[in-house]
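These notes concern the structure reproduced below.
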Amino acid sequence: MITPQIKNIFRNMLVLNTILFSQAAFADTELKYKVLKCHDGDTCQVLSTDNMKLKIRLIGIDAPEVSNRKNKVNQPYGVESKDFINNLIKGKSVTLKNYATDPFGRSLSEIFLEKLNVNLKMVDSGMAEVYKGKMDKNFDVTPYLEAEKKAKKEKIGIWSLPNYQSPKDFRVTHKN
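According to mature numbering (1 follows the signal peptide of the UniProt record, and there is no 0), the stretch in the sequence shown is residues -27 to -1, 1 to 149, in order.
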């Protein structure tokens, strides 16, 4: 039985594959997207020029968790991270550099506000850490590692917390 969630994942994957192929075919043409909202510091929803809503997972970063359920704990800096990215790009026109699609049908992408790499800005500002899992082979993590090192040294954002816990570890200790 195909559930509505599975249908949605397949639809998103089809749309994202179409976008990825069209971007490869028209590499000189930058497609613009309007940012509708960011659910947290590393997941945003955008609207394409043909009015398709797409979920974007910012590649290379992991931001503190924000609860989407009642009586569930937010991770420290989760709300601040969400507010930071929303203040930066919500309602604005951005471009995407797409790398792949994750198992949830989200495009793994770098988001650019003009020339500003938003993903890198999140790490540089201490609002996210470098993602610790497997990454696309075409994604260069080097500038992200350098930005994280600098933010840690300067104790910016999440790195100012005395007992900082990575989002990955927080998800494990705060299941359900």
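Ideal Cβ placement from N, Cα and C applies to all residues, glycine included.
For residue i, which three-state DSSP category applies?
{"i": "residue 57", "result": "helix"}
{"i": "residue -26", "result": "coil"}
{"i": "residue 38", "result": "coil"}
{"i": "residue 32", "result": "coil"}
{"i": "residue 70", "result": "strand"}
{"i": "residue 4", "result": "coil"}
{"i": "residue -6", "result": "Because the pLDDT at residue -6 is just 48, under 50, the model does not fix this residue reliably, and the point stays unresolved."}
{"i": "residue 84", "result": "strand"}
{"i": "residue 22", "result": "coil"}
{"i": "residue 134", "result": "coil"}
{"i": "residue 151", "result": "The structure shown does not extend to residue 151, since the chain is modelled only from -27 to 149, so the question has no answer here."}
{"i": "residue 90", "result": "strand"}
{"i": "residue 97", "result": "helix"}
{"i": "residue 63", "result": "coil"}
{"i": "residue 10", "result": "strand"}
For residue i, is the classification buried or exposed, using 16 other Cβ atoms within 10 angstroms of its Cβ as the cut-off for buried?
{"i": "residue 34", "result": "buried"}
{"i": "residue -3", "result": "Confidence is the limiting factor: at residue -3 the pLDDT is only 43, short of 50, which leaves the residue's position unreliable, though a coordinate-based value still follows. Result: exposed."}
{"i": "residue 82", "result": "buried"}
{"i": "residue 76", "result": "exposed"}
{"i": "residue 113", "result": "exposed"}
{"i": "residue 79", "result": "buried"}
{"i": "residue -26", "result": "exposed"}
{"i": "residue 94", "result": "buried"}
{"i": "residue 106", "result": "exposed"}
{"i": "residue 135", "result": "exposed"}
{"i": "residue 30", "result": "buried"}
{"i": "residue 71", "result": "buried"}
{"i": "residue 66", "result": "exposed"}
{"i": "residue 3", "result": "exposed"}
Figure out for me which residue from the options has the closest Cα to the Cα of residue i.
{"i": "residue 63", "options": "18, 102, 128 and 112", "result": "18"}
{"i": "residue 74", "options": "53, 138, 108 and 127", "result": "108"}
Round the Cβ separation of residue i and residue j to the nearest angstrom and send it over; I've been treating them as touching at under 8 Å.
{"i": "residue 131", "j": "residue 6", "result": "The pair is not a contact, with the Cβ atoms about 27 Å apart (cut-off 8 Å)."}
{"i": "residue 56", "j": "residue 38", "result": "That pair is no contact at about 14 Å."}
{"i": "residue 121", "j": "residue 96", "result": "5 Å"}
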